[in-house]
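Visitor:
There are 2 protein chains.
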Amino acid sequence: MTDKNKIPYKIYLEEQEMPKQWYNVRADMKHKPAPLLNPDTLQPMTAEELSGVFCEELVKQELDDTTAYFDIPKEILDFYKMYRPSPLVRAYCLEEALGTPAKIYYKFEGNNTSGSHKLNSAIAQAYYAKKQGLKGVTTETGAGQWGTALSMACAYLGLDCRVYMVKCSYEQKPFRREVMRTYGANVTPSPSELTRVGRKILAEHPGTTGSLGCAISEAVEDATSHEGYRYVLGSVLSQVMLHQSVIGLETKAALDKYNITPDIIIGCAGGGSNLGGLIAPFMGEKLRGEKDYRFIAVEPASCPSLTRGRYAYDYCDTGMVCPLAKMYTLGSGFIPSANHAGGLRYHGMSSVLSQLYDDKLMTAVSVEQTSVFDAATKFARIEGILPAPESSHAIKVAIDEAMRCKETGETKTIVFGLTGTGYFDMVAYGKYNDGDMHDYVPTDAELEAGFAGLPNVNL
Amino acid sequence: MTDKNKIPYKIYLEEQEMPKQWYNVRADMKHKPAPLLNPDTLQPMTAEELSGVFCEELVKQELDDTTAYFDIPKEILDFYKMYRPSPLVRAYCLEEALGTPAKIYYKFEGNNTSGSHKLNSAIAQAYYAKKQGLKGVTTETGAGQWGTALSMACAYLGLDCRVYMVKCSYEQKPFRREVMRTYGANVTPSPSELTRVGRKILAEHPGTTGSLGCAISEAVEDATSHEGYRYVLGSVLSQVMLHQSVIGLETKAALDKYNITPDIIIGCAGGGSNLGGLIAPFMGEKLRGEKDYRFIAVEPASCPSLTRGRYAYDYCDTGMVCPLAKMYTLGSGFIPSANHAGGLRYHGMSSVLSQLYDDKLMTAVSVEQTSVFDAATKFARIEGILPAPESSHAIKVAIDEAMRCKETGETKTIVFGLTGTGYFDMVAYGKYNDGDMHDYVPTDAELEAGFAGLPNVNL
Chain A
0 MTDKNKIPYK
10 IYLEEQEMPK
20 QWYNVRADMK
30 HKPAPLLNPD
40 TLQPMTAEEL
50 SGVFCEELVK
60 QELDDTTAYF
70 DIPKEILDFY
80 KMYRPSPLVR
90 AYCLEEALGT
100 PAKIYYKFEG
110 NNTSGSHKLN
120 SAIAQAYYAK
130 KQGLKGVTTE
140 TGAGQWGTAL
150 SMACAYLGLD
160 CRVYMVKCSY
170 EQKPFRREVM
180 RTYGANVTPS
190 PSELTRVGRK
200 ILAEHPGTTG
210 SLGCAISEAV
220 EDATSHEGYR
230 YVLGSVLSQV
240 MLHQSVIGLE
250 TKAALDKYNI
260 TPDIIIGCAG
270 GGSNLGGLIA
280 PFMGEKLRGE
290 KDYRFIAVEP
300 ASCPSLTRGR
310 YAYDYCDTGM
320 VCPLAKMYTL
330 GSGFIPSANH
340 AGGLRYHGMS
350 SVLSQLYDDK
360 LMTAVSVEQT
370 SVFDAATKFA
380 RIEGILPAPE
390 SSHAIKVAID
400 EAMRCKETGE
410 TKTIVFGLTG
420 TGYFDMVAYG
430 KYNDGDMHDY
440 VPTDAELEAG
450 FAGLPNVNL
Chain B
0 MTDKNKIPYK
10 IYLEEQEMPK
20 QWYNVRADMK
30 HKPAPLLNPD
40 TLQPMTAEEL
50 SGVFCEELVK
60 QELDDTTAYF
70 DIPKEILDFY
80 KMYRPSPLVR
90 AYCLEEALGT
100 PAKIYYKFEG
110 NNTSGSHKLN
120 SAIAQAYYAK
130 KQGLKGVTTE
140 TGAGQWGTAL
150 SMACAYLGLD
160 CRVYMVKCSY
170 EQKPFRREVM
180 RTYGANVTPS
190 PSELTRVGRK
200 ILAEHPGTTG
210 SLGCAISEAV
220 EDATSHEGYR
230 YVLGSVLSQV
240 MLHQSVIGLE
250 TKAALDKYNI
260 TPDIIIGCAG
270 GGSNLGGLIA
280 PFMGEKLRGE
290 KDYRFIAVEP
300 ASCPSLTRGR
310 YAYDYCDTGM
320 VCPLAKMYTL
330 GSGFIPSANH
340 AGGLRYHGMS
350 SVLSQLYDDK
360 LMTAVSVEQT
370 SVFDAATKFA
380 RIEGILPAPE
390 SSHAIKVAID
400 EAMRCKETGE
410 TKTIVFGLTG
420 TGYFDMVAYG
430 KYNDGDMHDY
440 VPTDAELEAG
450 FAGLPNVNL
């Protein structure tokens with residue numbers, strides 16, 4: 000009896016099998032992630048300090064590194080039921096095309112209008128803001144997936160949503176902007192005249208097309224200077240890892256249903272929201288000594304925070320208004336060269352994943368973008384899904400691992416996270432189709448320049 | 000016990016519950032659809048005549064109005080498993096937001112990279128071409144969903160795919176074009192220099208931005224003048240209705256699983272591929288006198304072939320190279336005014352649906368596009384899916400029917416087809432968001448001008 004007779008192409012959990020709690024991997028970590036520091040006092044941020052910027056319930060989640068499980072509120076569960084469970088797909092066609100004995104599965108998070116896994120945390124953060132009686136939330140968006148997800152969540156809950164979108168994306172990705180507007184969000188190109196920091200940057204750099212760092216600063220200023228608003232963030236933070244654990248919990252439940260144990264789990268990593276969520280429950284088993292898995296974080300060679308960065312306290316934003324976080328980083332002043340995976344261009348990495356990586360509990364590789372689009376195009380034609388450039392980093396390494404199995408004859412089980420679709424990335428695909436895509440790898444000197452800007456708080 | 004405890008938000012069939020056969024509604028029709036006519040002889044087209052343009056197996060399906068069920072070949076079933084079954088969604092959130100006692104379900108066909116139901120027939124047509132040993136297929140595309148679907152199917156089977164894309168879409172929808180290119184399709188803006196008919200049109204109308212009629216003529220000429228190629232079409236034909244019956248069969252199986260009997264079934268109608276597929280098995284029950292349902296076809300007020308057209312033989316294309324079909328039509332020379340639902344801008348309607356409509360077995364309504372986008376935006380915010388403008392015609396009428404139930408207190412069960420997503424229609428949404436959308440309704444005189452061009456073959 001072959002796998003095809005036993006295991007369907009797509010494993011869907013029943014509604015009643017969906018996770019009812021999020022899992023907080025920090026509870027099982029021997030070495031806890033280092034705390035966020037107040038940039039002025041260099042002391043750990045208190046709940047009071049954080050609650051000026053973030054919602055109260057989210058501050059609690061951010062600071063709690065001992066509670067293993069958090070109940071998912073019923074309202075969020077109901078929202079999840081509209082687009083979850085996401086399918087765990089057996090890549091039969093890809094296996095056959097590669098001629099590999101490996102068994103390949105992917106958790107596909109792209110089947111919702113935001114186009115990615117970002118919605119899992121957006122609805123949670125919007126819910127807690129609503130519960131606190133706030134009027135609205137502010138955020139920044141680069142590529143636009145997080146902004147779209149937050150707009151959807153806010154529209155559903157009747158919450159005001161103010162998005163600062165990096166100006167060059169605002170102009171180059173008008174479709175993303177229109178999706179957010181359709182969901183009722185107020186989308187402002189950043190830098191803008193609406194904030195003090197925006198006006199300052201415009202005065203100093205007329206004609207600038209903006210940056211994520213600047214957009215963060217504007218969103219934070221907007222939230223802290225308007226009654227009834229808080230700032231929300233789509234990656235990096237530990238609360239985001241917590242919400243995204245729903246990806247891993249569903250994946251594990253689907254695998255358990257068919258008694259499948261993965262050998263390798265692969266995810267792309269920018270700020271870490273997808274990878275952290277996907278591996279969470281598996282990492283928990285590894286931390287508790289129950290099982291072993293090989294985890295692989297995949298990052299772009301143009302922005303290699305894990306593979307070539309330093310483990311140090313750093314600013315989370317270029318405006319340096321946010322708390323300091325200890326993480327693998329290239330320095331908040333590091334400007335990654337052009338790369339079409341906008342979601343992977345962050346200079347740092349989640350503190351949780353940074354600590355796990357430093358403890359050698361997971362590995363990381365970096366890949367160049369042309370090879371990523373080679374893999375993406377192959378995958379699209381064989382599996383029928385046009386992947387996001389970010390997600391395609393994981394596809395590339397999953398294929399590499401499957402081809403290694405072909406050489407050795409090993410029947411390893413590989414699971415990877417397919418975080419989203421590439422429908423709003425066709426400019427990048429166009430460049431690839433035209434043979435006009437280039438690879439960039441920062442020199443050691445460029446990295447040193449980034450490290451030189453690290454704050455001097457490392458003990 | 001409320002419905003929410005019994006019926007999940009999304010009903011997914013198990014893989015083994017998926018339909019293994021397509022259903023041919025013509026087998027149960029007392030009045031068969033009129034045959035296709037040879038435009039030169041005005042005699043019914045023979046299999047031999049048709050097989051110069053279409054694949055042999057598809058010609059058989061086209062001409063067979065007595066066989067009720069056709070086995071779906073294993074290769075197509077395997078492809079279906081990659082993106083089907085599609086979910087039947089219970090619109091709990093929409094019901095709540097409307098405050099209606101009606102129970103609303105929608106069959107969502109947008110969760111695949113082509114973004115619509117078109118893939119169901121594209122894979123079937125490509126498969127039969129491959130089986131016949133052909134090198135490739137040609138087609139035309141307007142909005143681009145059919146071209147995308149066919150590109151995906153051809154990439155999967157290793158078949159050459161040549162798409163003639165209406166020039167204005169080619170230029171205004173570069174993303175759609177890039178998706179097709181990513182799937183390896185050869186996409187040519189029409190009219191082109193590649194065909195005799197294209198060169199003729201370019202000579203007569205330099206600077207023309209093309210039309211669907213011209214693109215059809217180019218695709219047919221390309222297929223018939225190259226060894227090993229055939230032409231394929233994404234709607235109108237009876238073979239397409241047959242393949243699309245998978246939508247209705249899955250819908251019915253999902254409803255049966257929970258003992259749900261719909262009262263009203265609603266679908267948007269351009270050429271009829273979605274509506275015909277969705278209603279097929281239900282219409283079969285009605286034709287056999289087993290059950291009764293109310294079927295509603297929804298068309299744009301700007302292109303009202305059922306509600307204001309004539310039931311007559313007409314040309315299927317403006318180039319008049321295709322067979323004549325008897326259908327509800329506005330005349331092949333009718334140019335619908337600008338409407339953002341490109342997939343609903345066809346002058347005619349499937350012969351099968353035309354006959355059913357003429358026999359009063361289904362009803363039809365027309366709606367204006369601003370009201371359609373009102374409904375689309377409401378739906379997006381409440382149900383979390385950004386719908387295609389075409390699909391939103393069905394949403395509009397489903398909401399109207401649900402509000403009627405609110406007035407009368409009736410707890411009717413409404414099922415509608417959500418054919419696709421609007422991710423490549425953000426220009427239209429942008430116009431709506433900017434308050435810059437207009438409605439157009441053809442005058443009686445404009446319709447008369449269209450009817451004047453009908454061929455004189457009506458007995």
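Order-wise, the sequence lines are chains A and B.
The C-terminal residue of the first sequence carries number 458 in numbering that gives the first Met the number 0, and the numbering is unbroken.
The C-terminal residue of the second sequence carries number 458 in numbering that gives the first Met the number 0, and the numbering is unbroken.
Here a beta-carbon is modelled for each residue, glycine too, at the ideal position from N, C-alpha and C.
Using a C-beta to C-beta distance shorter than 7 Å, which residues of chain B count as neighbours of A:E177?
Guide: Within 7 Å Cβ-Cβ: M425, Y428, G429, N432.
Visitor: For chain B, find out if any of its Cβ atoms is closer than 8 Å to the Cβ of A:G383; answer yes or no.
Guide: It does: the Cβ of A:G383 has a partner Cβ on chain B nearer than 8 Å.
Visitor: Who are the near neighbours of B:K102 in its chain, counting only those whose CB is closer than 6 Å to its CB and skipping five residues on each side?
Guide: If we look at B:K102 and ignore the five residues flanking it on each side, its Cβ neighbours are T412.
Visitor: Run through chain B and tell me which residues come within less than 9 Å of A:P7, C-beta to C-beta.
Guide: Residues of chain B passing the Cβ test: E13, E14, Q15, K80.
Visitor: At what residues does the beta strand (DSSP E) containing B:K130 begin and finish?
Guide: Element bounds for B:K130: not the beta strand (DSSP E) but the alpha helix (DSSP H), 118-130.
Visitor: Using the Cβ count rule (16 or more neighbours within 10 Å means buried), how would you classify B:T328?
Guide: The residue in question, B:T328, is buried, as its Cβ has 16 or more Cβ neighbours within 10 Å.
Visitor: Indicate the three-state DSSP secondary structure (helix, strand or coil) for A:D291 in the structure shown.
Guide: Residue state, collapsed to three classes: coil.
Visitor: Below 8 Å on the Cβ atoms is my guess for A:N23 versus A:Y68; work out the distance and round it to an integer in Å.
Guide: Yes, A:N23 and A:Y68 are in contact; Cβ-Cβ is about 7 Å, under 8 Å.
Visitor: Do you know whose CA, among B:F378, B:A393, B:A427, lies nearest B:E95's CA?
Guide: The residue with the shortest Cα to Cα distance from B:E95 is B:F378.
Visitor: Got a sec, what are the start and stop residues for the beta strand (DSSP E) B:I413 sits in?
Guide: Segment 412-417, the beta strand (DSSP E) holding B:I413.
Visitor: Looking at the structure shown, is A:Q15 part of a helix, part of a strand, or coil, going by DSSP?
Guide: Helix, per DSSP.
Visitor: Would you verify that the beta carbon of B:G183 is, or is not, closer than 8 Å to some beta carbon of chain A?
Guide: Judged by the 8 Å Cβ criterion, B:G183 is in contact with chain A.
Visitor: Mind checking if B:M348 is an interface residue toward chain A, Cβ cutoff 8 Å exclusive?
Guide: So, not an interface residue.
Visitor: What residues match up with A:C137 in a beta bridge as DSSP calls it?
Guide: Just to set this straight, residue 137 of chain A is Thr in the shown sequence, not Cys. Answer by DSSP bridge pairing, in chain order: A:R161, A:Y230.
Visitor: Would you kindly work out how many angstroms separate the C-alpha atoms of A:M151 and B:I384, rounded to a whole number?
Guide: One C-alpha to the other measures close to 9 Å.
Visitor: Spell out a yes or no on whether the segment 242-250 of chain B and the segment 273-282 of chain B are touching, meaning 3 or more CB-CB pairs, one atom from each, closer than 8 Å.
Guide: Judged by Cβ distances under 8 Å, the segment 242-250 of chain B makes contact with the segment 273-282 of chain B, as three or more pairs qualify.
Visitor: DSSP on A:C404, reduced to helix/strand/coil?
Guide: Three-state result, A:C404: helix.
Visitor: Starting from the Cα of B:F333, find the closest Cα among B:C321, B:S304, B:L57 and give me that residue.
Guide: Checked all of B:C321, B:S304, B:L57; the closest Cα to B:F333 is B:S304.
Visitor: Do the segment 423-435 of chain B and the segment 279-291 of chain B touch if we need at least three Cβ pairs shorter than 8 Å?
Guide: Result no; under three Cβ-Cβ pairs closer than 8 Å.
Visitor: Does the beta-carbon of A:R467 have 16 or more other beta-carbons within 10 angstroms, so that it is buried, or is it exposed?
Guide: The structure shown has nothing for residue 467 of chain A, since chain A only spans 0 to 458.
Visitor: How many Å lie between B:P190 and B:M164 at the Cα?
Guide: So the two alpha carbons sit approximately 9 Å from each other.
Visitor: Hey, could you find the ends of the beta strand (DSSP E) A:R83 is sitting in?
Guide: Taken as a continuous stretch (DSSP letters only), A:R83 belongs to no beta strand (DSSP E), as it is neither H nor E.
Visitor: Could you tell me whether the Cβ of B:R309 comes closer than 8 Å to any Cβ of chain A?
Guide: Chain A, which has no Cβ nearer than 8 Å to the Cβ of B:R309, makes this no.
Visitor: Check B:Q20 in the structure and name its three-state DSSP category.
Guide: Three-state DSSP puts B:Q20 in a strand.
Visitor: What is the rounded straight-line gap between the Cα of B:S336 and the Cα of B:S301?
Guide: If I take the Cα positions, the gap works out to 6 Å.
Visitor: For B:F378, which three-state DSSP category applies?
Guide: In this structure, B:F378 counts as helix in the three-state DSSP scheme.
Visitor: Give the residues from the segment 164-176 of chain A that approach chain B closer than 9 Å (Cβ to any Cβ), ordered along the chain.
Guide: Here the close residues are P173, F174, R175, R176.
Visitor: With distance defined between alpha-carbon atoms, name the residue in A:E226, A:V231, A:I71, A:G98 nearest to A:E406.
Guide: Selected option, being the one with the closest Cα: A:G98.
Visitor: Pick from A:K59, A:I265, A:A401, A:T442: whose alpha carbon is nearest that of A:I295?
Guide: For the residues A:K59, A:I265, A:A401, A:T442, the minimum Cα distance to A:I295 belongs to A:I265.
Visitor: Using 10 angstroms around the beta-carbon of A:E462, count the other beta-carbons present and answer buried if the total reaches 16, otherwise exposed.
Guide: What the structure shows of chain A is the stretch from 0 to 458, and residue 462 of chain A is not part of that stretch, so it cannot be assessed.
Visitor: Let me make sure I understand the geometry here. Which of A:K19, A:Y11, A:D2 has the alpha-carbon closest to that of A:L241?
Guide: The shortest C-alpha separation from A:L241 is found at A:K19.
Visitor: Given this structure, state the Cα-to-Cα distance separating B:Q354 from A:K117, to the nearest angstrom.
Guide: If you take the alpha carbons of B:Q354 and A:K117, they lie about 47 Å apart.
Visitor: Is the separation between the beta-carbon of B:A218 and that of B:E139 shorter than 8 Å?
Guide: Yes, the pair counts as a contact, with Cβ atoms nearer than the cut-off.
Visitor: The alpha helix (DSSP H) with A:T181 in it runs from where to where?
Guide: First-last of the alpha helix (DSSP H) with A:T181: 173-181.
Visitor: Are B:A340 and B:E389 close, meaning C-beta to C-beta below 8 Å?
Guide: Yes, these two residues count as a Cβ contact at 8 Å.
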